[in-house]
DNA sequence: TTGTAAGCGTTATCAT
DNA sequence: ATGATAACGCTTACAA
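Protein chains in written order, with this note's numbering: chain A, 42 to 386; chain B, 42 to 386.
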């Protein structure tokens, strides 16, 4: 390992002080353009790279953002991370990513690691069984910003970045009702999480508003896996009054339901109209194409990262925007469209 | 921001030297168990956390691994990252992840950032148009280990972690031939990349070995998007001699092909038997279920990270294992199974 | 516009 | 078994 050149080396070679070199490299206004050029070219020549540790040690900031997600192997999460990475990169921040695997315990461990790594801020989507934010107290105490996205929890210390899951659930259900469904089943995830409980509330409110009974047997709380989808179909088909609509809180699971229903001889959307959630790529790959709620993952990631960075730069007071609400969109495709669409000419 | 306690604070409070405290916290053998306990409990009491920058500055290592991937919003990549994250976390390494968006230019920029961040090592899956590794020369020169996974390039400086794409392509094609296919189309990605060129070679070799003609019109190089799948179907159906087999180098695209074919009235696998690649979740969500090649993403991530960490710890000489080959597995499902499987009793 | 010098928190080396 | 001290490379008052 050859020796790394430092600002002292550059300084010595140019008969300048290290301070001047440091300033020049940081584009400090009070350094003449001439010496700046001189220093920059010499730096290039030596293959100089700034030592982040020395710099961080001195500055007491890390330019690193911690991200904790429930899992990495989900398309939605990947999209969010892509957005975060893009923004962070543009602003010269690094991302440190870890997954909680849906467990509070692991989430606590991750938070601790992030704390010790001294991240400048934290972006978190909560594990499915997290029911308090005490493990972020160390951050709150030090005023290190923590922002929650997608799976959030109301808390005065945190900015939340979400879509209006209640409204989305309401719209999806209302759409099914509009297609003539009178008995709509809802398959969802752990209702500790806002994303699921809010969609459920929206579903219930829609039923209520349209004078449909709220049969509790029609609500199935699961882990939204492929198997859960097949199980839900089993439940559905064995009901005395078979549902004619199905609202599933995730596309992967919804796709699985569609497969199961078709295998059992149901036709979709005639017998059962189905709406999923997320607009996962799978929605357009299954037949019939899945109606769903589009969920701007990339944008959510970008906004989360940008908000955090703005906050770190003091450009935005966190308290002024405690919740950022992104738009969603109901996408009606074949799986729920009983009246054929008009064909464009 | 309250002041962070340092080893000096602990030292002063216990009437010890900072050196002793440092050693105790690092579990140095030459410190009495008694003082170690004393120091540890005091550290806990003060909420002390080690300052990584000071430590890194002194030690000249970062315990950070850089990862460059073509894109984050792919299920396969997400799986790989999950594996890497797991291993890195267990060994107290941090991951810094960035995406090249399939562009050499962005990959170069990422490499530069990683270099300036002084990552201890690099894990890279190449962008689709990368045709040389010159942008990693800075790493090679400093003997910073660079490992390539999945999309690799032969190079004496790098360890490669791959599956046998040639064999996988050969097996997939041979399977189709075994199902009676005589005219097999192959839809693949940029053949600059080993993953695609090797699968193509395997495809060709299989045709050759079974005495089938290698019609170049049957090979379609695309970006493997959903649209590319539909386009491929268009090409296929307009051929004078319509193919009876289809081998697609990615499940997402394959699923799209299946959808397109069915829409055009083909039955699968009777008219066209289809095999995809990757065992993406979509493979089991489309009807008919997609035959595919299982590709151990999580495992690949774990092995890549572990190998790199082993190398960094001097536990493994990089030159001794220049290529790590992981197992793959042809999964036969409905989309290519013409003879019905025997039913287990 | 540039220089001087102190200090960020650790760890390694040499002493004791 | 513990202590004193000098780096590590950078930034930033303060001075010139």
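Backbone N, C-alpha and C define an ideal beta-carbon position, used for all residues, glycine too.
| Item | Value |
| --- | --- |
| Can you list, in chain order, the residues of the region 101 to 112 of chain A whose Cβ is nearer than 8 Å to any Cβ on chain B? | 103 and 112 |
| Just to confirm my understanding: we take residue 217/B, look at its own chain, exclude 5 residues before and 5 after, and list those with CB closer than 7 Å. What are they? | 225, 286, 288, 314, 316 and 377 |
| State yes or no: is the C-beta of residue 228/A within less than 9 Å of the C-beta of residue 278/A? | no |
| Under 9 Å Cβ-Cβ, which residues of chain B neighbour residue 62/A? | Result: empty, since nearest Cβ-Cβ is about 17 Å, beyond 9 Å. |
| Going residue by residue through the region 62 to 110 of chain B, where are the continuous alpha helix (DSSP H) segments of at least 4 residues, counting only ones entirely within it? | 74 to 87 and 93 to 100 |
| List in chain order: all unbroken beta strand (DSSP E) runs of 3+ residues lying wholly within the region 183 to 228 of chain B. | 187 to 190 and 200 to 204 |
| Counting only the same chain and skipping the five closest in sequence on each side, list residues whose C-beta sits under 7 Å from that of residue 72/B. | 61, 64 and 65 |
| With a threshold of 16 other CB atoms inside 10 Å of the CB of residue 53/B, please say whether the residue is buried or exposed. | exposed |
| To which residues does DSSP link residue 235/B through a beta bridge? | Beta-bridge pairing links residue 235/B to no other residue. |
| Please classify residue 310/A as buried or exposed, where buried requires at least 16 other C-beta atoms within 10 Å of its C-beta. | buried |
| Tell me residue 288/B's beta-bridge partners as DSSP assigns them. | 227/B and 316/B |
| Am I right that residue 125/B and residue 342/B are in contact with their C-beta atoms under 8 Å? What's the rounded C-beta distance? | 4 Å |
| Any idea what DSSP makes of residue 133/A, helix, strand or coil? | coil |
| Would you mind reading off the limits of the alpha helix (DSSP H) that contains residue 276/B? | 267 to 278 |
| Just the Cα atoms here: how many angstroms apart are residue 275/A and residue 296/A? | 15 Å |
| Given a cut-off of 9 Å, decide if residue 202/A and residue 365/A are closer than it, judged by their beta-carbon atoms. | yes |
| Can you tell me which residues form a DSSP beta bridge with residue 159/B? | Its beta-bridge partners do not exist; DSSP assigns none. |
| Using a Cβ-Cβ cut-off of 9 Å, state whether residue 154/A counts as contacting chain B. | yes |
| Which whole-angstrom value is the C-beta distance of residue 160/A and residue 107/A, which I expect to be below 8 Å? | 4 Å |
| Comparing C-alpha positions only, which one of 329/B, 245/B, 163/B and 149/B sits nearest to residue 170/B? | 149/B |
| For the pair the region 118 to 135 of chain B and the region 144 to 158 of chain B, tell me if three or more CB-CB distances fall below 8 Å. | no |
| So, for residue 271/B: in the same chain, excluding its five sequence neighbours on each side, which residues have a beta-carbon less than 7 Å away from its beta-carbon? | 297 and 301 |
| Work out the CA separation of residue 129/B and residue 130/A for me, nearest whole Å. | 22 Å |
| Since I believe residue 233/B is in contact with residue 172/B (beta carbons under 8 Å), could you give me their beta-carbon distance rounded to a whole number of angstroms? | 6 Å |
| Is the shortest distance between the beta-carbon of residue 10/A and the beta-carbons of chain B less than 9 Å? | An answer regarding residue 10/A cannot be provided, because it is not within the stretch 42 to 386 covered by chain A. |
| Using the Cα positions of residue 98/B and residue 51/A, report the straight-line distance between them to the nearest angstrom. | 19 Å |
| Run through DSSP, which three-state label would residue 146/B get? | helix |
| Is it the case that the Cβ atoms of residue 206/B and residue 250/B are separated by a distance below 9 Å? | no |
| Leaving out five residues before and five after residue 244/A in sequence, what residues of the same chain have Cβ atoms less than 7 Å from its Cβ? | 210, 214, 227 and 288 |
| Which bits of chain A does residue 73/B rub up against, with CB to CB less than 7 Å? | Those within 7 Å of residue 73/B in chain A number zero; the least Cβ separation is about 26 Å. |
| Between the Cα of residue 181/A and the Cα atoms of 168/A, 163/A and 167/A, which residue gives the shortest distance? | 163/A |
| Scan the region 309 to 331 of chain B for residues whose Cβ lies nearer than 8 Å to a Cβ of chain A and list them as they occur along the chain. | 322, 323, 325, 326, 327 and 328 |
| Could you tell me which chain B residues have their CB closer than 8 Å to the CB of residue 138/A, listed as they occur along the chain? | 122, 126, 136 and 138 |
| Roughly how many angstroms separate the alpha carbons of residue 351/A and residue 204/A, rounded to a whole number? | 21 Å |
| For my contact list, residue 367/B and residue 212/B are in at a C-beta cut-off of 8 Å; report their separation, rounded to the angstrom. | Their Cβ separation, rounded to whole angstroms, is 15 Å, which puts residue 367/B and residue 212/B out of contact at 8 Å. |
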